[in-house]
Structure formats: C-alpha cells, structure tokens
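A.B. asks: Sharing a structure, written as structure tokens. Questions coming.
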Amino acid sequence: MIIGHLNALPLAGLPPVLRQILERPECTLAALAARDDGRWQPEGCAWFCHIGPAQTQSQAERHTEYHHQWADIQVVLAGEEIINAGMQSLAQAGDEERKPDLFIAPGAVHPVSITLRTGDFAVFLPGEPHQALCAVNAPMTVRKAVFKVPRALLEG
Numbered sequence: 003m004i005i006g007h008l009n010a011l012p013l014a015g016l017p018p019v020l021r022q023i024l025e026r027p028e029c030t031l032a033a034l035a036a037r038d039d040g041r042w043q044p045e046g047c048a049w050f051c052h053i054g055p056a057q058t059q060s061q062a063e064r065h066t067e068y069h070h071q072w073a074d075i076q077v078v079l080a081g082e083e084i085i086n087a088g089m090q091s092l093a094q095a096g097d098e099e100r101k102p103d104l105f106i107a108p109g110a111v112h113p114v115s116i117t118l119r120t121g122d123f124a125v126f127l128p129g130e131p132h133q134a135l136c137a138v139n140a141p142m143t144v145r146k147a148v149f150k151v152p153r154a155l156l157e158g
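For the record, in the sequence shown the residue sitting at position 10 is 12 according to the numbering used here, with numbers rising by one throughout.
Next up, the structure:
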C-alpha cells in the first residue's frame, strides 16, 4: 500500500509508472473533479479510471477485497472515507470472485487503517487486501476516482 495526496506526488514514493499516470494534466484533482461520472480511458493507455459516487458504510458492512491482475489507485474527490488494509496476501483457494478479478477475503484482519479526504489517494498493488468505503463518523456519499492499472505495466 502506498498513500499520498495528488498535490504532493513526490512525497508518495510512487513507482515511476504510477507517478506518470497521476502527473498527467488530466489527472490533477481539479481535472478529475470536473470530469463526468463513468469510465474514462485515455487513447492508447492500458489503464482506465472509474469516476463516480459511492456510499460509505460501517466497517462491519464492508467487504475486504483483493485483485490478482490489477492495481488500484483510489482517489477521494469529495467527502471522506476510511480504508482498512492488510500487509500480507489473504488469497485462499475458493475465495469468491464477485466480478472479474475482484476477490472477496472473508474474515480479514486489518492492521492498517487510513482516513482519506479530498485529494488523498491509496494505492493497492495486486494481492494487497483492502476494505474501502468505511464510514468515518456516519455513512455519507463520497465521490471517487478509482484507477485500474494492469499488473503488466508494473512489472514491465
């Protein structure tokens, strides 16, 4: 897991490929916040981004997920959320694959908890468990940009 703020990218220690994505003019906080909801994929890019609202819930109501083929860059555009995370793979044979490459880790333990507010981001590499959209004080609607970066770009 890597955390940072879009206005302070050099401090995050991002791998070059991820920093290059977030340094693009169309990936500033202002540019992302102004973009319409939906899927966005710049021409010629292997990565894509989903932008839109989501509802936070109590930690007990949220699932823990991980991916094999994609890294997530989760950016809060408006609102706040807690993301709980693990530092070791939880992958087990038979884990539910709710959508393609979205695996649910039942009974996960989360030794790390971070609060993200407008402009903050968290990166989860393939295999890293994360429980996003946990409410800070009370459930609320947040607006997020979630970048999906293929594993091959990270390994190339």
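For glycine and all other residues, C-beta sits at the position ideal for the given N, C-alpha and C.
List the endpoints of the continuous alpha helix (DSSP H) containing Leu-104.
C.D. replies: Unbroken run through Leu-104 is the beta strand (DSSP E), 104 to 106; no alpha helix (DSSP H).
A.B. asks: Determine the contact status of Pro-113 and Met-89, defining contact as a CB-CB distance below 8 Å.
C.D. replies: Yes, they are a contact pair.
A.B. asks: Please classify Leu-13 as buried or exposed, where buried requires at least 16 other C-beta atoms within 10 Å of its C-beta.
C.D. replies: It is exposed - the Cβ of Leu-13 has fewer than 16 other Cβ atoms within 10 Å.
A.B. asks: For the alpha helix (DSSP H) containing Arg-153, list its first residue and its last residue.
C.D. replies: Start and end: 153 to 157.
A.B. asks: Residues in its own chain within less than 6 Å of Cys-51 by CB, not counting five upstream and five downstream?
C.D. replies: Answer for Cys-51: Trp-42, Ala-147 and Phe-149, listed in chain order.
A.B. asks: Could you please give the first and the last residue of the uninterrupted beta strand (DSSP E) stretch that includes Gln-76?
C.D. replies: Element bounds for Gln-76: 72 to 80.
A.B. asks: So, under 8 Å CB-CB, Val-19 and Ala-80 are touching, yes? Tell me the CB distance rounded to an integer number of Å.
C.D. replies: About 27 Å; that fails the 8 Å criterion.
A.B. asks: At 3 residues or longer, and completely inside the stretch 88 to 130: list those beta strand (DSSP E) runs for me, N to C.
C.D. replies: 98 to 101, 104 to 106, 114 to 119 and 122 to 126, all fully within the stretch 88 to 130.
A.B. asks: Just list the residues that DSSP pairs Arg-37 with in beta bridges.
C.D. replies: None, per the DSSP bridge assignment.
A.B. asks: Would the stretch 84 to 102 count as touching the stretch 123 to 138 if we require 3 or more Cβ pairs under 8 Å?
C.D. replies: As far as the Cβ criterion goes, the stretch 84 to 102 touches the stretch 123 to 138, which means the pair count is three or higher.
A.B. asks: State whether the stretch 65 to 73 contacts the stretch 91 to 108, with contact taken as three or more CB pairs (one from each stretch) at a distance under 8 Å.
C.D. replies: Yes: the two stretches touch, three or more of their Cβ pairs being nearer than 8 Å.
A.B. asks: Taking the alpha carbon of Ala-76 as the point to measure from, which residue in Ala-154, Val-111 and Ala-56 has its own alpha carbon closest?
C.D. replies: The amino acid occupying residue 76 in the given sequence is Gln; Ala does not appear at that position. Selected option, being the one with the closest Cα: Ala-56.
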